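A.B. asks:
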C-alpha cells in the first residue's frame, strides 16, 4: 500500500505549506524515527526539536507552525493527530479482521440467541445459557460470558474478558483483554465478629460506545444497576465499585478508583490514579487532575487537584506558600532574635 | 415472588412505625428509583432528602428517624442495610444456582481428587495433576488450577481465576473473576549488572471465609507461605506481595498495596489506595484511611492517615495549619514592614 | 533431598563462623519458623531479634554480624539472600517442571511455527494464525496468543496471559498470570461531542529477560512500538501506556503507572504506586521512591520523591519545615500580641 502526496492532501483536507523531495509514502513513524518513505505529524510541542530535525518524507503540522524541516514535505491541517489517524487507517497493513463463525473449540450453550453467520466466537470462549449476542460482535479467545448476559451489535470482547451473569452491553462496546464486568460489590455486615457477605444481586450496564480498559474491574450493583454512560471511555486498571453511575462521554484514566454509589455527570474527566469517594456527586464537565482525591460533592465545569480535592488555583496557592515556608521559618527566627537583642 | 407487609416485618424483626397504602411487594430499589411495589431502605444519611421524597411501597428505617415519607410504609429495624439484605435473599429472582458436574469442555487431570457429583466444574476450566477439590465447590469457566492445588469445601472460583501450583484454599473461599493466587514474588539479586530472578518456591494460603476481589494479585512466598487470615476480605485490584501475613477478619479495600513480608494483625482495616511498606507490622484493629502510606510499624486500635502515616488527629492538625499558611506569610510581611517603618 | 553442612559451605562459598548441633538439613524456613532441620538466613536487620532467638539448624549471615544464636550453625557469606537462593534451588522439592508437548485440549492454528517436541502448550491455551514460538517455551492453561505474535526461546507464559496480535517477545521473557500485552492505547479525539477512537496499530516489544507481573497491562503503540528494554522487571498491577519506552535493567514496582510516550533510561527504579507523566524523560539510574509523581523530565543518577517529584533532600526539607508549622503559627501569634502589648 502506497499513498501519493496528492492522496494525503485530499485525505486530510490539508494545505501544502513546504515542499520536499519525496512523493509517495508507505510508512508511519514518529518524527524521530521516520525516514523518507514515512508519514509523521507534529502533535505536541514537546517534540518541536524532533520536528525540526526529522527525516520524515511528509509531516502533518498545525497552522501555528512557521518553520519547516529541510527535505520534508509539510502539510498544514486543523488537527495533526486526527489527520494522521486518517492516514493510519489507509496505510496500516496489520489490522484486525472480523471473521464470522463459531470456532469448534468455543462452547456456546444451546439456547444462546445469536446469528452464527454474523457473530465471531473464537477458540476457548464460553457463552452460558440464556445469553444474547448482537450481529457484528466479536467474542475472542478464552472470554467467559455468564448466564443471561445481553450483548448488543458490533461489540468487541477481547481475549480473557469476563462478563458475569445478567449484565448488559449495548452496541459498539469494546472490552480490552482481561477486564471484568459484574464482579460482586465489596459489601459486608459485621455479625458476631465476622464480616458477613451482603448479596450483590444487581447488574452492570455498559451503554452504547463505552470502552473499558485491560484488567479494569466493574462491580455489579448491590441491587439495581452500576451504569457506565454512553460514550464513556475507561482506561486500564480502573476500579468501579457497586452502584456507581457515570454520565455520558466521561474519561476515566488509568488506575483511578470510583467508590461505591458515587455519581459522575456528563463529560467528566478523571485523570490517572485519582479517587472519588463513595456516595458523592461530581458535576458535568468537572476535570479532576491526576491523583486528585474527591471526598465531597464537586461542582461541575471546574478543574480540581489535591487531596482533598480543591479548585486548581486554590491548591496551587497552597503549594506555592508551602515552598516559601523554609525561608519564613528562618526569617521569623532572625526577627525574634533581633527583637530580643533590641529589647 | 411476592412478600406481604407481615412477612417483611417478621423477616426483619421490625416494628411498623408509619402506615402506607401498599400491602404486598415484589421489587427492590433505591429510595430515588423505587415505586409502590418496591422495598427500599435508608442506610446512609446522605440519602435523607431522597428518603423524604421516596415513592417506595415500604422503607426500612433506623430508630433515630422521626419523619416519614407520605404514602410509604415505614418499618423500624436495628440495621436497615442488613435487614434489607434479608429481603434481597427472598426477592432477588436472578440468583446464581449451584449445579454439580464436570462440563465436557472442562479439562481435569486423571488424578485430581474430587467427587464429581458434588463439585461444579464449568466449560474451559483446567485442573492440573495432583489437585484436590472439596464438596460443594464451584470452578467457573476458563479458571486455571495448577498442579497440587488444595481447595476446600463450598468455595466459589469465578471465571478466569488463576490459582498457581501448590497453593491452598480452605473452606468457603470466594475468588472474584480474574484474580491471581500464587504469582511469583518480585525478587531479584543484581549479579554482574543484571537483575537475576530469586526462586519463589513458597505458596499462598487463603484461610476459611476469605474473599479476594477481581483482578487482585497475591504473590506466593519466596519460601514458606503468604497467608490471608480467616474471614479477611480483599477488594479488587489489590497487590499482596510475597510473604505478607494478614490476621483474621481484616478489610483490605481496592487498589491498596501490601509490600513484601508486611504483617497485619486481626481486624485491621486498610482503606482504598493505601500502601503498607515491606517488613513492617500493623497492630490489631488499626484503621488506615484511604491513601495512607505506612512506612513504619503502627500500633493497633488507632486510626491513621497521610504519608507517612500519622494518627488522624495529628495529621489533621498539620493539614489545618497548612491552610493557615498563606495568611501567615502575608501577616509576617506586614509585621516586618511595620517594624521597619517604626524602627 | 538432604544437604550436609559441608555441601552448604561449598555451595555458598561460605565460612563456618559458629558451630551448632545439626549436621544435615532438608528444609527452608524464616528465622522465626525454622527448626533444627532447616536452613535460614539473616537478610534484613529488621529480623535481628528473630535471628538471635532462631532455632534454625544453620543460618547464613553477613560478615558484619558478631553475635550468634546458641545451637545454630552460622555460616558467613557475602550476600545471605543470594546464597540462600542457591540452597533453595537444591532443596525445594515442589518446583515447576517443563514438559514438552501440545495438550489435546489446547488449540493451535495450523500455520503456527514451532517444534512440538520442544514447546509446552497446556490445556485451554489458544495460539492464533501466523504466530511463532521458540524452543523451550511454556504456554500455560487458558493463555490467549493473538495472530502473528512472535515468541522467543525459553519464555514462560503463565495461565490466562493475553498477548494480542503482532506483539513480540524476545528470549527468556516471563509473563505472570493474567497480564495483558498489547491492549489498545487510550487515545481518542473529540469529534462532534463524542470521543472517537484513534486506531492503535503499533505493537509491544518485550526484549530479552523481561519479566511482567500478574494483572499488569502494557498497551500497544499507537503506531511503532511500546518497548520494555532488556532485563527490565515489571511488578504486578502496573500500567504501561502506549508508546512508552523503558531502558535496560529497570525495576518498575507494583501499581505504578507510566503514561503515554514517557521514556525511562537504563537502570531506572520506579518504586510502588508511583506515576510518570506522558511525554517526559527520566535519566539513567534515577530512583523514584514510592508514590513519586514525575511531571517533568528528571535527570539521571538522583533519587526523587514527592509530587511533583523533587530530589529527596529538598523534599525532606519541605516536609520537615511543614512539621514545624504549628509551632510557628503559635509563636507568631504570641509575638504579635507581645508587640501590641508593648506598643
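Residue numbers (the numbering used here), protein chains in the order written: chain A, 1 to 343; chain B, 344 to 686; chain C, 687 to 1029. Note that the Cβ used here is the ideal one computed from N, Cα and C, for glycine as well. What you are looking at is a predicted structure, and each value in this text was computed from that prediction instead of being measured.
1. Might you give, ordered along the chain, the residues of its own chain that have their beta carbon closer than 6 Å to the beta carbon of residue 406 of chain B, omitting 5 neighbours on each side?
2. Check for me: the alpha helix (DSSP H) holding residue 455 of chain B runs from which residue to which?
3. What residues match up with residue 994 of chain C in a beta bridge as DSSP calls it?
4. Counting C-beta neighbours from all protein chains within 10 Å, is the total for residue 687 of chain C 16 or more, i.e. buried, or is it exposed?
5. From the DSSP output, in three-state form, read off residue 355 of chain B for me.
6. Could you work out which residue in B:495, B:606, B:464 and B:477 is closest to residue 487 of chain B when comparing CA atoms only?
7. Counting beta carbon pairs with one atom in the region 923 to 942 of chain C and one in the region 603 to 613 of chain B, are three or more of them shorter than 8 Å?
8. Less than 8 Å between C-beta atoms, sequence neighbours within five positions excluded: which residues of the same chain meet that for residue 318 of chain A?
9. Using a C-beta cutoff of 9 Å, does residue 886 of chain C count as contacting chain B?
10. Should the region 350 to 357 of chain B be called in touch with the region 421 to 433 of chain B, which here means at least 3 C-beta pairs below 8 Å?
11. Rounded to whole angstroms, what is the Cα-Cα separation between residue 930 of chain C and residue 399 of chain B?
12. Please classify residue 990 of chain C as buried or exposed, where buried requires at least 16 other C-beta atoms within 10 Å of its C-beta.
13. Measure the C-alpha to C-alpha separation of residue 111 of chain A and residue 809 of chain C and round it to an integer number of angstroms.
14. Is residue 428 of chain B helix, strand or coil by DSSP?
15. Chain B partners of residue 264 of chain A, CB-CB under 8 Å?
16. Could you tell me the alpha carbon to alpha carbon distance between residue 632 of chain B and residue 658 of chain B, rounded to whole angstroms?
17. So which residues of chain C does residue 272 of chain A contact, with C-beta pairs closer than 7 Å?
18. Does any CB atom of chain C fall closer than 9 Å to the CB of residue 650 of chain B?
19. Take residue 556 of chain B as the anchor and find which of B:548, B:507, B:576 and B:410 has the nearest alpha-carbon.
20. Counting only beta-carbon separations shorter than 9 Å, does residue 864 of chain C have a partner in chain A?
21. For residue 904 of chain C, which of C:894, C:922 and C:916 has the nearest alpha-carbon?
22. Determine whether the Cβ of residue 475 of chain B lies closer than 9 Å to any Cβ atom of chain C.
23. Is the Cβ-Cβ distance between residue 516 of chain B and residue 553 of chain B less than 9 Å?
24. Suppose you measure from the CA of residue 5 of chain A to the CA of residue 33 of chain A; what does that come to, to the nearest Å?
25. Do residue 679 of chain B and residue 331 of chain A have their C-beta atoms within less than 9 Å of each other?
26. Starting from residue 110 of chain A, find everything on chain B with Cβ-Cβ shorter than 8 Å and list it in chain order.
27. Going by DSSP, what residue range makes up the beta strand (DSSP E) through residue 903 of chain C?
28. Assuming residue 777 of chain C and residue 689 of chain C are in contact, meaning their beta carbons sit under 8 Å apart, how far apart are those beta carbons, in whole angstroms?
29. Identify the continuous alpha helix (DSSP H) that holds residue 735 of chain C and give its terminal residues.
30. Compile a chain-ordered list of the residues in the region 798 to 831 of chain C whose CB is closer than 8 Å to at least one CB of chain B.
31. Give a yes or no on whether the minimum CB-CB distance between residue 562 of chain B and chain C is below 9 Å.
32. List the residues of chain C whose Cβ lies closer than 8 Å to the Cβ of residue 231 of chain A, in chain order.
33. Measuring straight from C-alpha to C-alpha, what distance separates residue 788 of chain C and residue 280 of chain A?
34. Rounded to whole angstroms, what is the Cα-Cα separation between residue 568 of chain B and residue 604 of chain B?
35. List the residues of chain C that residue 33 of chain A touches, going by C-beta distances under 7 Å, in chain order.
36. Would you list, in chain order, the members of the region 502 to 513 of chain B that have their beta-carbon closer than 7 Å to a beta-carbon of chain C?
C.D. replies: Checking against the coordinates, here is how it stands:
1. 419
2. No alpha helix (DSSP H) contains residue 455 of chain B, which DSSP labels as neither H nor E.
3. As computed with DSSP, residue 994 of chain C is found in no beta bridge at all.
4. exposed
5. helix
6. B:464
7. no
8. Counting only Cβ-Cβ distances below 8 Å, and skipping sequence neighbours, we find 306 and 310.
9. no
10. Yes, the region 350 to 357 of chain B is in contact with the region 421 to 433 of chain B.
11. 52 Å
12. It counts as buried.
13. 26 Å
14. helix
15. Chain B residues near residue 264 of chain A: none, gap ~16 Å exceeds 8 Å.
16. 12 Å
17. 943, 945 and 961
18. yes
19. B:576
20. Yes, its Cβ sits closer than 9 Å to a Cβ of chain A.
21. C:922
22. Not an interface residue.
23. yes
24. 20 Å
25. yes
26. Residues of chain B passing the Cβ test: none, with the nearest at roughly 13 Å.
27. 903 to 905
28. 6 Å
29. If you look at residue 735 of chain C, you'll find it in the alpha helix (DSSP H) that goes 734 to 738.
30. 808, 809, 810, 826, 827 and 828
31. yes
32. 880 and 881
33. 52 Å
34. 10 Å
35. 910
36. 503, 505, 507, 508 and 509
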